[in-house]
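Numbering (our numbering), first residue to last: 9 to 587. For every residue, glycine included, the Cβ atom is placed at its ideal position computed from N, Cα and C. Model, not experiment: these values are computed from the prediction.
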RNA sequence: CGGGGCGUGGCGCAGUCCGGUAGCGCACCUGCUUUGGGAGCAGGAAGUCGCAGGUUCGAAUCCUGUCGCCCCGACCA
């Protein structure tokens, strides 16, 4: 392919709107163009890269035994009503709307994910355990009404996703969910590895479904909006929602103060009380009242800690918790919201472990406009139940005692054991060995293809431009033909190009009539992993140059030798980049 | 949805406070020169200043409304 016949609108300057490196570079390198907030066109060069990512995903999913199909973006809203997700998704579910109430548009939504549709298909066609296990996947455009798209293609309203769904009647047994989950986990590792990403699989929060049934694949980068937490010794890692912390030591720093009531008029938040009483938030006990199925459950955490509702619900043994209504809080504490405390509180209370080692603490007094000081857990209120129910923070240690470190990251993939959530709701059943209908046990597995591309750029760029991993670079190599008016340069560059193509290298010949510096800058901006320089000066010595974009290493070789060497470099790079 | 910022050729910006009929750099077109790190000179094309009202002899500029985009936060199967 010749540059003059291709289409690469590079720009010297990035738009002021673009903030993160991948966004700036994707625009500057002519990979994408924004159409509206949260939706981008992929220009030919960008689409080439996306297609390479797609090919890798497809190969590995096929190899893992998943069957490719294609489902529509348009779904009847009835399917979403069956699983109760019209409410659950809220504004994220993109409705076509328009027209009158009985217009077909008001009954159609654009799919943000496809559990409902695929479960309908399984319900329709899969009748016997003998057909199982089954895994379907597709690579398809998703629509989500994100409140705030951001960071270029990292968070958009329309994006390309590989979503897979597996169907089983068994869990641990052969052919069960666990087996497929493991296989998908392996396929994901291979996919992100082949794409050259420094990915980290982490335990993720699985929400109301419970269990250790979810992993996310993260790529560390400042542009990300998630956090991954890992132990310094590398023995433990999880996402922020999931991260467990080791119990804190009892510093024994109490003086066994007497409990006293203080007047704190109108001061209902930790910050307000902390300022008023000149008391560090870490010396306060935060009393947060939740409810589950109408019953109040109270969480106690240190003032500078936050309740992790998933951990809390798990500790409480309930599917999920929600913040209690102000009415319930008032009824329980006999005080306005903001003055709850554990002393003499008649409710089920779970204290975070960190609270159990506090001394002389400040808490709400269960009396409007009053707090208590000198509160000592165990002495002033009984701790019937304690657990790790808070979010990890800097300074915490992993369960094995190793310090936790926090890293910003992008989620590029997620594997999830769904269980029977959707099959039960949609009455999608299958006959087991005993001829009894059982709801499918399902797994789902997603990858954001656009995010792979952006994450690769976030991970691999410098001040000059992108440094693509070989496997997903739009072109593996570029030939900079210096001085297109020189016949020998044109001739040799053309020959090198043809030999590279014959050797199976994906190469672009920069045949523009431009000055050398101009071509080099563009080559570095676009980030071709290998640059071959064919110029009058080199040819006079009988050589062409081969340069590695990442290392900058240069080899000078005879033009005839370029194709073999570069083909080998491409092969080696694809193997070595694999993480 | 709350807070903030910004809309002027493809991109980056000035001009807005103080109203007088739109300018600079990059990119683009033509010609000549130049060719190993984003060339030089000359000529040229391209913007109803986001949109709609209003004030005024006159609006990019003032007023009102509206739309869009970006950032922070809330939210995120």
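Quick check on residue 250: does DSSP put it in helix, strand or coil? Your numbering for residue 250 matches position 242 in the first chain. The answer is coil: DSSP assigns residue 250 none of H, G, I, E or B.
CA nearest to the CA of residue 578, picked from 543, 548 and 509: Within the first chain, numbered from 1, the residue matching residue 578 stands at position 570. The candidate whose alpha carbon is nearest that of residue 578 is 509.
When 122, 62 and 153 are compared against residue 87, the one with the closest alpha-carbon: If you number the first chain from 1, residue 87 lands on position 79. Comparing Cα positions, the closest option is 122.
C-alpha distance - residue 218 paired with residue 425, whole-angstrom precision: Counting from one through the first chain, the residue named residue 218 turns up at place 210. Counting from one through the first chain, the residue named residue 425 turns up at place 417. Here residue 218 scores only 46 on pLDDT, less than 50, and its place in the model is too uncertain to base an answer on.
Proximal residues to residue 571 (C-beta, below 8 Å), its chain only, five neighbours per side dropped: Position 563 of the first chain, counted from the start, is the residue given in the question as residue 571. Correct list, in chain order: 504, 507, 508, 510, 511 and 513.
Separation of residue 57 from residue 225, as counted between CA atoms: Within the first chain, numbered from 1, the residue matching residue 225 stands at position 217. Within the first chain, numbered from 1, the residue matching residue 57 stands at position 49. Rounded to the nearest angstrom, the two C-alpha atoms are 20 Å apart.
For residue 378, the nearest candidate out of 387, 417, 349 and 400 (CA to CA): Taking the first residue of the first chain as 1, we reach residue 378 at position 370. In this structure, 349 is the residue among 387, 417, 349 and 400 with its C-alpha nearest to the C-alpha of residue 378.
Assign residue 467 to buried or exposed, taking buried as 16 or more other Cβ atoms, counted over all protein chains shown, within 10 Å of its Cβ. In the first chain, the residue the question calls residue 467 occupies position 459. It is buried - the Cβ of residue 467 has at least 16 other Cβ atoms within 10 Å.
Going straight from the alpha carbon of residue 207 to that of residue 317, what length do you get? The residue labelled residue 207 in the question sits at position 199 within the first chain. The residue labelled residue 317 in the question sits at position 309 within the first chain. When rounded, the separation of the alpha-carbon atoms in residue 207 and residue 317 is 27 Å.
Determine, using beta carbons only, whether residue 355 and residue 375 come nearer to each other than 8 Å. For the purposes of this step, residue 355 is taken as the residue at position 347 of the first chain. For the purposes of this step, residue 375 is taken as the residue at position 367 of the first chain. No, the pair does not count as a contact, with Cβ atoms beyond the cut-off.
Ranges of the beta strand (DSSP E) found wholly within the segment 127-192, counting only runs of at least 3: Within the segment 127-192, complete beta strand (DSSP E) segments of at least 3 residues are found at 142-151 and 166-176, given in chain order.
Could you check whether residue 554 and residue 538 sit closer than 8 Å to each other, using their CB atoms as the reference points? On the first chain, residue 538 is found 530 positions in, with the first residue counted as 1. On the first chain, residue 554 is found 546 positions in, with the first residue counted as 1. The answer is yes: Cβ separation under 8 Å.
CA-to-CA distance, residue 75 to residue 420, given in whole angstroms: In the first chain, the residue the question calls residue 420 occupies position 412. In the first chain, the residue the question calls residue 75 occupies position 67. Going from the Cα of residue 420 to the Cα of residue 75 covers about 21 Å.
Closer than 6 Å by C-beta to residue 361: which residues in its own chain qualify, once you throw out the five before and the five after it? Chain order, please. Here residue 361 refers to the residue found at position 353 of the first chain. The residues are 255, 394 and 396.
Mark residue 150 as exposed unless 16 or more other C-beta atoms lie within 10 angstroms of its C-beta, in which case mark it buried. For the purposes of this step, residue 150 is identified with residue 142 of the first chain, where counting begins at 1. With 16 or more other Cβ atoms within 10 Å, it is buried.
Can you name the start and end residues of the alpha helix (DSSP H) that residue 60 belongs to? Here residue 60 refers to the residue found at position 52 of the first chain. The continuous alpha helix (DSSP H) containing residue 60 extends over residues 52-71.
Would residue 43 be called buried (16 or more neighbouring beta carbons within 10 Å of its own) or exposed? The residue given as residue 43 occupies position 35 in the first chain. Label assigned to residue 43: exposed.
Quick check for students: name the residue ranges of the beta strand (DSSP E) that lie wholly in the segment 433-493, counting only runs of 3 or more. Within the segment 433-493, the complete beta strand (DSSP E) runs of at least 3 residues fall at 437-439, 445-447, 449-456 and 485-489.
Quick check: residue 586 and residue 202, are their CB atoms within less than 8 Å of each other? Position 578 of the first chain holds residue 586. Position 194 of the first chain holds residue 202. For residue 586 and residue 202, yes; Cβs fall inside 8 Å.
Enumerate in chain order the residues of its own chain whose CB-to-CB distance from residue 125 is below 8 Å, with the five nearest sequence positions on each side excluded. Against the first chain, residue 125 aligns to sequence position 117. Closer than 8 Å at Cβ, skipping near neighbours: 79, 80, 83, 87 and 119.
On the DSSP bridge assignment, give the partners of residue 82 in chain order. On the first chain, residue 82 is found 74 positions in, with the first residue counted as 1. Looking at the DSSP assignment, residue 82 forms a beta bridge with 118.
Please state whether the Cβ-Cβ distance between residue 229 and residue 463 is less than 8 Å. Taking the first chain and counting its residues from 1, one reaches residue 229 at position 221. Taking the first chain and counting its residues from 1, one reaches residue 463 at position 455. Less than 8 Å divides the Cβ of residue 229 from the Cβ of residue 463.
Report the residue ranges of all beta strand (DSSP E) runs contained in full by the segment 402-431; include only those spanning at least 3 residues, in chain order. Runs of the beta strand (DSSP E) inside the segment 402-431: 412-427.
Quick check for students: name the residue ranges of the beta strand (DSSP E) that lie wholly in the segment 528-587, counting only runs of 3 or more. The qualifying runs are 538-542, 552-556 and 562-565.
Thinking C-alpha only, which one of 341, 447, 367 and 332 is nearest residue 287? Along the first chain, one-based indexing puts residue 287 at 279. The option with the nearest alpha carbon to residue 287 is 367.
Looking at the secondary structure, which residues open and close the alpha helix (DSSP H) in which residue 361 lies? On the first chain, residue 361 is found 353 positions in, with the first residue counted as 1. Counting along the chain, the unbroken alpha helix (DSSP H) around residue 361 starts and ends at 361-364.
Sheet register partners of residue 372 (DSSP bridge): As a working mapping, residue 372 is identified with position 364 in the first chain. When beta bridges are read from the DSSP output, residue 372 appears opposite 379.
How would you write the range of the alpha helix (DSSP H) that residue 34 sits in, first residue to last? The sequence position of residue 34 within the first chain is 26, counting from 1. Residue 34 -> alpha helix (DSSP H) spans 29-36.
Residues bridged to residue 391 by DSSP? Taking the first chain and counting its residues from 1, one reaches residue 391 at position 383. The partner list for residue 391 (beta bridge, DSSP) is empty, contrary to what the question assumes.
Hey, how far is the Cα of residue 21 from the Cα of residue 36? By 1-based counting over the first chain, the position of residue 21 is 13. By 1-based counting over the first chain, the position of residue 36 is 28. Rounded to the nearest angstrom, the gap between the Cα atoms of residue 21 and residue 36 is 7 Å.
How would you call residue 279, buried or exposed, if buried means at least 16 neighbouring beta carbons within 10 angstroms? Sequence index remark: in the first chain, residue 279 carries index 271 (1-based). The residue is exposed, with fewer than 16 neighbouring Cβ atoms inside 10 Å.
Same chain only: Cβ atoms within 8 Å of residue 115, ignoring 5 sequence neighbours per side: Mapped onto the first chain, residue 115 falls at position 107. Listed in chain order, the non-local C-beta contacts of residue 115 below 8 Å within the same chain comprise 84, 85 and 86, local neighbours out to five positions each way being set aside.
Which of the three DSSP states is assigned to residue 226 in this structure? Within the first chain, the letter at position 218 stands for residue 226. When DSSP states are grouped into helix, strand and coil, residue 226 belongs to the strand group.
Which runs of the alpha helix (DSSP H) at least 4 residues long sit entirely within the segment 308-371? Give them in chain order. Runs of the alpha helix (DSSP H) inside the segment 308-371: 317-324, 334-341 and 361-364.
Please look up how many angstroms separate the CB atoms of residue 455 and residue 65, rounded, as I've assumed it's under 8 Å. Residue mapping note: residue 455 aligns to position 447 of the first chain, counting from 1. Residue mapping note: residue 65 aligns to position 57 of the first chain, counting from 1. About 6 Å separates the two Cβ atoms, so the contact holds.
Provide the residue(s) that pair with residue 40 in DSSP beta bridges, ordered along the chain. The residue given as residue 40 occupies position 32 in the first chain. Looking at the DSSP assignment, residue 40 forms a beta bridge with 50.
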